[in-house]
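With the working numbering as the guide, the letters of the sequence shown map in order to residues 1117 to 1302.
Where is the CB? At the ideal position from N, CA and C, for every residue including glycine.
Keep in mind it's a predicted model, so treat the numbers as computed, not measured.
A short worksheet on the structure shown next.
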Amino acid sequence: LGKQPGTRIVNNLWHDMAATKYGGWGIYFDEGSSGILAESNVVYRTTHGGFHQHYGETNIVRNNLFAFARDQQLQRSREEDHVSFSFSNNIVLFDQGVLLGSTWKNDKFILDGNLYWDRRKGAKVEEMKFAGATLEQWRARGHDKNSLIAEPLFTSPQENDYRLKPGSPALEQGFRPIDLSRVGPR
């Protein structure tokens, strides 16, 4: 909570975060959280979303993997007069819910250079919605101009193996593989 310049959330693993009505997010910047870097984290199977920012500024969310959230993958819940956060070079993989939940109306955020993939049977690239907009409409608003909608080519995401295979479009886009070998109790 609040301004925390220099705070770094780096190289963590969050998974199976669940809540009935409130609190089932992976990385959650709440109540003015500002000046935070979230980088090279893996977040999967949350109920309310992999990433949520209520309000804050100068936060950077880059080179993370967000997978298989239930309700929405990414959430922003307050309009602000300044840029809320920068979200770049991330992979967002999902098979239910919406890509962007809550409020994305005022364009005071930066999303670019990400890779998005909807694994639902019958999902079509041209039908993916960005807060109700098509990719073309979303880009016309200035967002995700360098992002891709493409299969990331994970080794076995259904078994939580998120290593990228050679030729992954994420690697070609500059995503740096996340080393989880030192994560958790030892």
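Notebook entry, point to check: Of the choices Gly1139, Arg1124, Val1177 and Leu1129, whose alpha-carbon is the least far from that of Pro1301?
Noted result: Leu1129
Checklist line | Cβ-based burial, Arg1236 [other Cβ within 10 Å; buried from 16] | finding: exposed
Notebook entry, point to check: Given 8 angstroms as the limit, is there contact between the stretch 1182-1200 and the stretch 1213-1225, that is, 3 or more CB pairs closer than that?
Noted result: yes
Check: Do the stretch 1274-1283 and the stretch 1238-1250 make contact, defined as three or more Cβ pairs closer than 8 angstroms?
Finding: no
Note to self: I'd like to confirm the pairing. Which residues does DSSP put opposite Ser1284 in its beta bridges?
What the structure shows: Answer by DSSP bridge pairing: none, since Ser1284 is not bridged.
Checklist line | DSSP bridge partner residues for Asn1205 (one or two, in chain order) | finding: Asn1205 pairs with nothing; no bridge assigned.
Notebook entry, point to check: Under 9 angstroms, do Glu1155 and Asn1175 count as touching if we go by C-beta distance?
Noted result: no
Next item on the list: Rounded to whole angstroms, what's the CA-CA distance from Val1208 to Pro1121? Just pull it up for me.
Entry: 26 angstroms
Margin query: In the DSSP assignment, the beta strand (DSSP E) including Gln1188 goes from what residue to what residue?
Written below: Gln1188 to Arg1192
Margin query: Please state the DSSP three-state secondary structure of Ala1154.
Written below: strand
Next item on the list: Could you check what DSSP says for Leu1227 in three-state terms: helix, strand or coil?
Entry: strand
Next item on the list: May I ask you to report which of helix, strand or coil DSSP gives Leu1269?
Entry: coil
Notebook entry, point to check: For Arg1255, which residues from the same chain have a beta carbon less than 6 angstroms from its beta carbon, with the 5 sequence-adjacent residues on both sides left out?
Noted result: Lys1261
Checklist line | DSSP bridge partner residues for Met1244 (one or two, in chain order) | finding: Beta-bridge pairing links Met1244 to no other residue.
Check: Going straight from the alpha carbon of Ser1193 to that of Lys1240, what length do you get?
Finding: 27 angstroms
Notebook entry, point to check: Beta-carbon separation of Phe1145 and Thr1162 under 9 angstroms?
Noted result: no
Check: Which residue comes first and which comes last in the alpha helix (DSSP H) that contains Leu1251?
Finding: Leu1251 to Ala1256
Notebook entry, point to check: Buried or exposed: where does Gly1166 fall if 16 or more other Cβ atoms within 10 Å of its Cβ makes it buried?
Noted result: buried
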